[in-house]
Every structure is written in structure tokens, then in C-alpha cells.
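There are 2 protein chains.
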Amino acid sequence: MKTVVQVDFPFAGPFGEEMAEAMAGLAHSITEEPGFIWKIWTENPVDGEAGGVYLFEDETSARRYLEKHTARLESFGVTGIRGRIFAINQALTAIDHGPV
Amino acid sequence: MKTVVQVDFPFAGPFGEEMAEAMAGLAHSITEEPGFIWKIWTENPVDGEAGGVYLFEDETSARRYLEKHTARLESFGVTGIRGRIFAINQALTAIDHGPV
Numbered sequence: 000m001k002t003v004v005q006v007d008f009p010f011a012g013p014f015g016e017e018m019a020e021a022m023a024g025l026a027h028s029i030t031e032e033p034g035f036i037w038k039i040w041t042e043n044p045v046d047g048e049a050g051g052v053y054l055f056e057d058e059t060s061a062r063r064y065l066e067k068h069t070a071r072l073e074s075f076g077v078t079g080i081r082g083r084i085f086a087i088n089q090a091l092t093a094i095d096h097g098p099v
Numbered sequence: 000m001k002t003v004v005q006v007d008f009p010f011a012g013p014f015g016e017e018m019a020e021a022m023a024g025l026a027h028s029i030t031e032e033p034g035f036i037w038k039i040w041t042e043n044p045v046d047g048e049a050g051g052v053y054l055f056e057d058e059t060s061a062r063r064y065l066e067k068h069t070a071r072l073e074s075f076g077v078t079g080i081r082g083r084i085f086a087i088n089q090a091l092t093a094i095d096h097g098p099v
């Protein structure tokens, strides 16, 4: 069953184009993760936060990725990482045009 | 600029089909919110959490909705609501097929 991964953490930057340049290789590698469907890269320079919302094919792939990504972020020196795994309420999401 | 709203909170249910029946009217009403594009309804019965990930046309609409929705959840007796507003890193999201 398709599964959402929601991650955010305190982040001092870079944001925007500079972040895109720094992270383009990582973004490409994510497309090759097992079960990966899509990721929206989130950023909030004002509040000093960044993260991502992902869709995976199933919960097993989602959990495996979250574990891997959390370890990677920690290796970058990121702390305060908040990761969540969610099922999707399909009927309500269909009413609200959710792209799942 | 398109803006993500990310909300989650402790939730004891109902989940799944029962939640869909209880919340269908709310889901329909959300489609009429100014600037609303889509919502993915998230739920995690094991960890006792629920929430949503939304896309809005702009930050003003996103902030207005988050304020309204937080007040509504509080009126339902929900506490511990965590709401975040994020810009989207368009270049990285495009690489990862994000539906924005």
C-alpha cells in the first residue's frame, strides 16, 4: 500500500538555487531508491527548517528509506530530525485531488 | 508561489473507512478553500497520529488555511497539533517527479 514519508529538521541553509546545486546529485540518486515514486523538497528559510514529503510504493520501502536518509542527514551534522510514516486515507484523498 | 502545508497531530481514530465516512463533508469543503490545490490525508493507527499534506497556490492562502484548520481541530478537542508552512525547492522537486 502506498506510503507517505514526512521528514523535517532545523536547517540553516543553503536554500533555493544554492541548495539545488548542492543537492542535485542526491536528488537524482533518490529516484533509484526501491519503491520510490516522488519527493517534494520543502524549505523554510525564515523559520530555518527544511525537509521533504515522499511517496513510496509500500511501507517496507518507506521505512527502509527513512532509516537510510536519517543516517545520512546525521552524517551531514543535522540534528533534530523528525521523520514520520503515514498510510493514506484513499477515499478522502481522492475527494481532495491528492496526487497519490 | 506554491506552498506546502504540513499538519499532524495525535489521533485515536477513527481511521480508514470509518474516518472517510466521518470526514467526507469536510474533505469536500476543503476543495472550496481559497488557493487550495490538493490534500493527501495521512493516518497512522499504530503510532496514533493523523494529519495532512496540502498544496496551495500561494503562502497567504496556505497560512490562512492553516490558521482556520488548527482552530477547527482544536474545536474537535485535538491537542498537540503541529503545523508547518514550506516553500518548495522547484529544481530538486522536478528531478524527483514531485507533483507540484
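Here the protein sequences line up with chains A and B, keeping their order. Numbering that gives the first Met the number 0 numbers the first residue of the first sequence as 0 and each following residue consecutively. Numbering that gives the first Met the number 0 numbers the first residue of the second sequence as 0 and each following residue consecutively. Idealized CB from N, CA, C, for every residue including glycine. Everything numeric in this text was worked out from a predicted model, so none of it was measured.
For residue i versus residue j, is the C-beta spacing smaller than 8 Å?
i: A:Lys38; j: A:Val99; result: no
i: A:Ala26; j: B:Leu91; result: yes
i: B:Gly34; j: B:Ser60; result: yes
i: B:Arg62; j: B:Ile84; result: yes
Taking the alpha carbon of residue i as the reference point, which residue from the options has its own alpha carbon closest?
i: A:Ala104; options: B:Gly47, B:Leu54, B:Phe85, B:Glu56; result: In the structure as shown, chain A begins at 0 and stops at 99. Residue 104 of chain A is therefore absent and cannot be evaluated.
i: A:Glu66; options: A:Glu16, A:Val45, A:Glu32, A:Ile36; result: A:Glu32
i: B:Val3; options: B:Ala93, B:Gly51, B:Val45; result: B:Gly51
i: A:Val45; options: A:Pro9, A:Ala93, A:Gln5; result: A:Pro9
Suppose you measure from the CA of residue i to the CA of residue j; what does that come to, to the nearest Å?
i: A:Thr78; j: B:Asp95; result: 24 Å
i: A:Phe14; j: A:Asn43; result: 8 Å
i: A:Gly97; j: B:Asp57; result: 17 Å
i: B:Ser28; j: B:Asn88; result: 29 Å
i: A:Ala21; j: B:Leu72; result: 38 Å
i: A:Phe75; j: A:His68; result: 11 Å
i: A:Met18; j: B:Tyr53; result: 23 Å
i: A:Gln5; j: A:Thr41; result: 10 Å
i: B:Thr30; j: B:Ala93; result: 25 Å
i: A:Gly24; j: B:Ala23; result: 41 Å
Round the Cβ separation of residue i and residue j to the nearest angstrom and send it over; I've been treating them as touching at under 8 Å.
i: B:Ala49; j: B:Asp7; result: 7 Å
i: B:Phe36; j: B:Phe55; result: Note that residue 36 of chain B corresponds to Ile in the displayed sequence, not to Phe. Confirmed, Cβ separation roughly 6 Å.
Give me the subset of the stretch 14–29 of chain A whose CB atoms are less than 9 Å from a CB atom of chain B, sorted by chain position. Here the close residues are Phe14, Gly15, Glu16, Met18, Ala19, Glu20, Met22, Ala23, Leu25, Ala26, His27, Ile29.
Near-chain A residues of the stretch 0–15 of chain B - C-beta to any C-beta below 8 Å: Answer in chain order: Val3, Gln5, Asp7, Phe14, Gly15.
Can you pull out the residues from the stretch 72–98 of chain A whose beta carbon lies closer than 7 Å to at least one beta carbon of chain B? Residues Arg83, Ile84, Phe85, Ala86, Ile87, Asn88, Ala90, Leu91, Thr92, Ile94, Asp95, His96, Gly97, Pro98.
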